[in-house]
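Report on the following structure.
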Amino acid sequence: MAENAMSQVDVALGERSYPILIEQGLLDRAEEHLRPYARERRLIVVSDENVWGLLGKRLSNGLQGIDAVPLVLPAGEATKSWAQLERLIDRLLAEGVERKDTIIAFGGGVIGDITGLAAALTKRGCSYVQIPTTLLAQVDSSVGGKTAINAASGKNLVGAFHQPSAVLIDPSTLDTLPERDLKAGYAETVKYGLIGDPAFFAWCEAKGAALLAGDTEARLHAIETCIRTKAKIVAEDEYEKAGRRALLNFGHTFGHALEAETGFSDVLLHGEAVALGMVLAFRFSVEQGLCAAQSSERVAANLGSVGLPTTLAEARIKASGAQLAAHMAHDKKRSGSRLPFILTRGIGQAFVDESVELEEVAAFLNRQLSA
Ligand SMILES: NC(=O)c1ccc[n+]([C@@H]2O[C@H](COP(=O)([O-])OP(=O)(O)OC[C@H]3O[C@@H](n4cnc5c(N)ncnc54)[C@H](O)[C@@H]3O)[C@@H](O)[C@H]2O)c1
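All residue numbers for the sequence shown refer to the working numbering, where the first residue is 23 and numbers rise by one.
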């Protein structure tokens with residue numbers, strides 16, 4: 023895709039269909055895209071303190087006279103909480119939000135997830151538009167309508183499926199993103215190659231460094247490739263019933279347990295946990311005789327080359343296999359002692375295995391701890 027071209031991907035969901043627009047510099051032309059969602063030339067924009075501080079002015083300028091009313095939340099995963107959700111909904115109500123209104127979610131996956139849930143709940147459901155500003159949100163979380171906060175017993179356990187009305191992606195917003203968050207987003211990018219697109223994984227091996235260094239064409243290519251795949255999967259399996267959408271959770275069952283162990287904090291970012299989780303899913307698949315060790319090594323080499331954790335030691339995880347498996351027992355998808363796991367037969371060949379016993383996973387993790 024040429025640097026200045028706009029590209030549009032549609033999520034085909036009948037009356038819940040919506041467009042995803044990807045365009046360098048889109049934020050500076052925000053008025054063009056957001057005008058239909060404003061009421062009395064006013065838009066409520068939910069953001070976090072970092073994003074609003076760095077990019078709020080750019081969005082306001084781009085809105086050319088439409089008044090952006092910012093509701094600014096603290097930055098970070100801890101914001102996905104009951105307390106912040108309650109506060110946000112109270113503030114939306116205080117601003118006079120009506121059911122016909124559209125709320126703008128302007129930030130990373132945290133802001134997208136909590137704003138989407140607040141939109142689903144406020145006045146029994148109003149609309150929202152995602153303007154994702156992290157790589158993770160631009161390649162993945164802004165699309166698909168999964169919204170959530172975390173509960174004491176685990177990640178994303180309180181949520182709703184609520185599709186946005188549009189997703190507006192401006193890769194230039196990544197210019198201000200800290201390197202560590204960029205790399206965390208790289209893990210979710212690579213995931214799309216690993217689940218079903220070996221050519222895209224090879225592209226990541228060749229161009230991942232350029233993507234992280236800020237190359238516009240590489241960013242546009244990665245975002246569009248991932249979003250096209252996500253849009254297709256979501257259209258086929260909106261509510262994750264057929265198993266197809268579950269592939270997007272590759273690395274996440276391990277990852278969520280690691281995040282729970284580190285208290286959903288910046289000790290281990292979501293994308294970092296997913297990177298290590300994907301490597302663990304590969305290693306587990308190798309142990310099960312499903313996948314060649316060489317593929318697993320290739321994945322670890324690529325993620326490790328950008329500084330993402332690929333061993334429990336690197337992620338400073340000291341918990342036993344049983345302790346980590348106990349976190350998995352809270353997973354939404356568990357049934358009895360078994361958990362559907364996304365395993366793999368090789369790069370681009372992920373599949374759902376319904377028969378994995380948590381005890382087996384705990385023993386595997388103990389071997390990884392001493393590796
Ligand atoms: N809904 C889904 O389908 C889905 C999918 C994957 C992940 N997620 C969720 O996404 C969350 C992680 O998202 P994330 O990695 O975007 O985290 P995040 O929203 O916490 O953003 C990471 C950090 O970057 C800052 N930031 C954001 N954009 C910036 C910019 N352009 N410039 C400078 N700083 C910026 C934020 O303030 C924050 O400190 C997790 O809670 C995860 O569960 C949801």
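We treat Cβ as the ideally placed atom computed from N, Cα and C, and that holds for glycine.
As the structure is a prediction and not an experimental result, all values here were calculated from the model.
### Range covered by the alpha helix (DSSP H) that runs through G181
Run containing G181: none in the alpha helix (DSSP H); it sits in the beta strand (DSSP E), G176 to F183.
### Query
Identify the residues that DSSP records as bridge partners of R64: which are they?
R61 and D89
### Task
Tell me whether S82 counts as near ligand 1, meaning its Cβ is closer than 8 Å to at least one heavy atom of that ligand.
no
### Query
Is it the case that the Cβ atoms of G230 and R38 are separated by a distance below 9 Å?
no
### Query
Run through DSSP, which three-state label would K122 get?
coil
### Query
Taking only runs of the alpha helix (DSSP H) that begin and end inside the region 126-154, which ones reach a length of at least 4 residues, in chain order?
131-143
### Query
Which partner residues does L365 have in the DSSP bridge list?
F373
### Query
Going by the C-beta, is P58 closer than 8 Å to any heavy atom of ligand 1?
no
### Backbone CA spacing between L242 and I44 [nearest angstrom]
8 Å
### Task
Measuring alpha carbon to alpha carbon, tell me which of F272, L270, E294 and N271 ends up nearest E281.
E294
### Query
Is it true that the CB of I88 sits closer than 9 Å to the CB of R63?
yes
#### Entry: Y40 burial status per 10 Å Cβ neighbour count (16 or more: buried)
buried
### Query
Which two residues bound the contiguous beta strand (DSSP E) that contains S29?
S29 to V33
### Beta-carbon spacing of K102, R121 below 9 Å
no
### Query
Is it the case that the Cβ atoms of V119 and P92 are separated by a distance below 9 Å?
no
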